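Our numbering runs 480 ahead of the 1-based position in the sequence shown.
Just so you know, even glycine gets a beta-carbon here, dropped at the ideal spot from N, CA and C.
It should be emphasised that the depicted structure is a prediction, and the values quoted were computed from it without experimental measurement.
Notes for the one structure printed next.
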Amino acid sequence: MIKERLFRDFAEMARIPSPTYHEKEINAYLVERLKGLGARVEYDPEEGASLQSNAGNIYAYFPGDPVRKPILLSAHTDTVTPAGAFEAHLENGKITGDGRFVLGADDKAAIAVIFEVLRRVKEMKCSHPPIEIAFSVAEETGLEGAALMDLGRFRSGQALVLDMSGMDLIGYAAVGSLDIQLTFKGKAAHAGWAIDEGINSVMAAASFLQKIKTGTLDSETVLNIGRISGGEAVNIVPEETRLSAELRSFREEKMKKAVEELRTAAQKTEAEYPGLKIRFDVREKYKPYENRKEIPLIKALQKAGEKIGRPQKLVRCKGGSDANIFNNKGLESVVLSIGMTDVHSVREWILLDDMAKVVQLVLAFLKEWK
481 MIKERLFRDF
491 AEMARIPSPT
501 YHEKEINAYL
511 VERLKGLGAR
521 VEYDPEEGAS
531 LQSNAGNIYA
541 YFPGDPVRKP
551 ILLSAHTDTV
561 TPAGAFEAHL
571 ENGKITGDGR
581 FVLGADDKAA
591 IAVIFEVLRR
601 VKEMKCSHPP
611 IEIAFSVAEE
621 TGLEGAALMD
631 LGRFRSGQAL
641 VLDMSGMDLI
651 GYAAVGSLDI
661 QLTFKGKAAH
671 AGWAIDEGIN
681 SVMAAASFLQ
691 KIKTGTLDSE
701 TVLNIGRISG
711 GEAVNIVPEE
721 TRLSAELRSF
731 REEKMKKAVE
741 ELRTAAQKTE
751 AEYPGLKIRF
761 DVREKYKPYE
771 NRKEIPLIKA
781 LQKAGEKIGR
791 PQKLVRCKGG
801 SDANIFNNKG
811 LESVVLSIGM
821 TDVHSVREWI
831 LLDDMAKVVQ
841 LVLAFLKEWK
């Protein structure tokens, strides 16, 4: 019965496309589902307007034993693209899409799990802590919805963020991320009659790239040059070239050091090309975090895993999640793996059995969470 309900819920959500900034329809559906499960829901569809989203974050509250500590369960409602309505396919326990769009198990599988947890808690009629729900918008574009979220609406001091590939993993730490944009401003000139009068921004960018290290900078830090563009035509010395990069690290101090090294390389490049100007823009997407492995939240999850015969492994996440925002706002959070595979591609899939196992783990955790 649990698996049938999980697939039904997931299949219903698969019919409602929700690419980032277009979560209005899925959120309206989720609000009604939460109310039907007995939760008190707070939802302002205009909350995401500052993000250019047509929806807001969802805050929900499910009553429990008032003497027990509340716990927050979190997932996000947006997906990457290509997104569209489709019929989820179940064969031999494996859920897939139709090959045209992402499946959206990231993160609709987590939402289906949370719905089933709420249902099971009601059916079992046993003592459980108050459960609070946070469904964020615009997670895939840099945790924007979570950054906008008013955590003061929650009583919980701890959160479980259901948003990671693999199984039986607890993400206790994660990288932070910076977007870095460099604009090389040279001087346009005719490539035949006046080529030596120009300042070639493409060549300047190439010289800059030769001065820096990319890829793995150390065991905790990576730098990726993801995009470069410039020039107008082959008979014009290119005046402007733009370079986009992403820096990730488990340590803020290492990110600062890497940025300074990039600035130094930019200054050296300007000195090589008199008249060249390099604009350097850095935007923080989210900060890193690292919880102690001994915190009660992790201990309760580990004990729950042991009781159901599935030991949980602690890992450091190389990608961000809403837990980055929550932890840096003072809400102690870890990430739970939910089994989603080949995410951010039309090949994405998830095992129905793994979704049921996550339900089992969360229910076991609720028994341990005092």
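Could you tell me the alpha carbon to alpha carbon distance between residue i and residue j, rounded to whole angstroms?
| i | j | result |
| --- | --- | --- |
| residue 691 | residue 662 | 14 Å |
| residue 827 | residue 580 | 9 Å |
| residue 770 | residue 797 | 10 Å |
| residue 565 | residue 507 | 15 Å |
| residue 529 | residue 652 | 32 Å |
| residue 750 | residue 561 | 38 Å |
| residue 629 | residue 756 | 42 Å |
| residue 660 | residue 503 | 28 Å |
| residue 632 | residue 807 | 14 Å |
| residue 788 | residue 498 | 34 Å |
| residue 717 | residue 693 | 27 Å |
| residue 589 | residue 780 | 23 Å |
| residue 844 | residue 575 | 25 Å |
| residue 681 | residue 505 | 45 Å |
| residue 795 | residue 817 | 10 Å |
| residue 625 | residue 619 | 6 Å |
| residue 672 | residue 714 | 10 Å |
| residue 895 | residue 776 | Residue 895 is absent from the model: the chain starts at 481 and stops at 850. |
| residue 571 | residue 485 | 16 Å |
Using three-state DSSP, classify residue i as helix, strand or coil.
| i | result |
| --- | --- |
| residue 530 | helix |
| residue 686 | helix |
| residue 926 | Absent from the structure is residue 926, since the part of the chain shown begins at 481 and ends at 850. |
| residue 851 | Residue 851 is absent from the structure shown; the chain starts at 481 and stops at 850. |
| residue 671 | coil |
| residue 698 | strand |
| residue 708 | strand |
| residue 718 | coil |
| residue 614 | strand |
| residue 650 | strand |
| residue 555 | strand |
| residue 828 | coil |
| residue 743 | helix |
| residue 737 | helix |
| residue 510 | helix |
| residue 692 | coil |
| residue 821 | strand |
| residue 576 | strand |
| residue 910 | As displayed, the chain neither begins before 481 nor continues past 850, which places residue 910 out of reach and without an answer. |
| residue 751 | helix |
Starting from residue i and walking both ways along the alpha helix (DSSP H), at which residues does that stretch end?
| i | result |
| --- | --- |
| residue 838 | 832-848 |
| residue 643 | From DSSP, residue 643 is part of no alpha helix (DSSP H); its letter is neither H nor E. |
| residue 472 | What the structure shows of the chain is the stretch from 481 to 850, and residue 472 is not part of that stretch, so it cannot be assessed. |
| residue 485 | 482-494 |
| residue 806 | 802-808 |
| residue 628 | 624-628 |
With C-beta atoms as the reference, is residue i less than 8 Å away from residue j?
| i | j | result |
| --- | --- | --- |
| residue 669 | residue 804 | no |
| residue 591 | residue 510 | yes |
| residue 584 | residue 559 | yes |
| residue 760 | residue 746 | yes |
| residue 834 | residue 647 | yes |
| residue 596 | residue 482 | yes |
| residue 609 | residue 538 | no |
| residue 586 | residue 820 | yes |
| residue 615 | residue 555 | yes |
| residue 525 | residue 536 | yes |
| residue 593 | residue 842 | yes |
| residue 697 | residue 703 | yes |
| residue 649 | residue 840 | no |
| residue 801 | residue 641 | yes |
| residue 637 | residue 812 | yes |
| residue 695 | residue 767 | no |
Give me, in chain order, the residues of the same chain whose beta-carbon lies closer than 6 Å to that of residue i; leave out the 5 immediate sequence neighbours on both sides.
| i | result |
| --- | --- |
| residue 622 | 765 |
| residue 520 | 541 |
| residue 709 | 722 |
| residue 772 | none |
| residue 531 | 618 and 624 |
Could you pull out every residue in the same chain whose Cβ sits closer than 7 Å to the Cβ of residue i, ignoring the five residues on either side in sequence?
| i | result |
| --- | --- |
| residue 700 | 729, 730, 731 and 734 |
| residue 831 | 573, 574 and 819 |
At a Cβ threshold of 8 Å, is residue i touching chain C?
| i | result |
| --- | --- |
| residue 652 | As a matter of chain content, chain C is missing from the structure shown, which is built from one protein chain. |
Going by DSSP, what residue range makes up the beta strand (DSSP E) through residue i?
| i | result |
| --- | --- |
| residue 539 | 538-542 |
| residue 815 | 812-816 |
| residue 571 | 569-571 |
| residue 781 | Per DSSP, residue 781 belongs to no beta strand (DSSP E); it is in the alpha helix (DSSP H), 776-787. |
| residue 760 | 757-766 |
| residue 679 | Residue 679 -> no beta strand (DSSP E), and no H or E assigned at all. |
| residue 796 | 793-797 |
Less than 8 Å between C-beta atoms, sequence neighbours within five positions excluded: which residues of the same chain meet that for residue i?
| i | result |
| --- | --- |
| residue 582 | 559, 560, 561, 562, 563, 823, 824, 825, 826 and 828 |
| residue 846 | 551, 597, 601, 608, 609 and 611 |
| residue 494 | 565, 566, 567, 568, 577, 583, 584 and 588 |
| residue 546 | 610 |
Would you check whether the ligand MN has a heavy atom nearer than 7 Å to the C-beta of residue i?
| i | result |
| --- | --- |
| residue 730 | The ligand MN is absent from the structure shown, which contains no ligands of any kind. |
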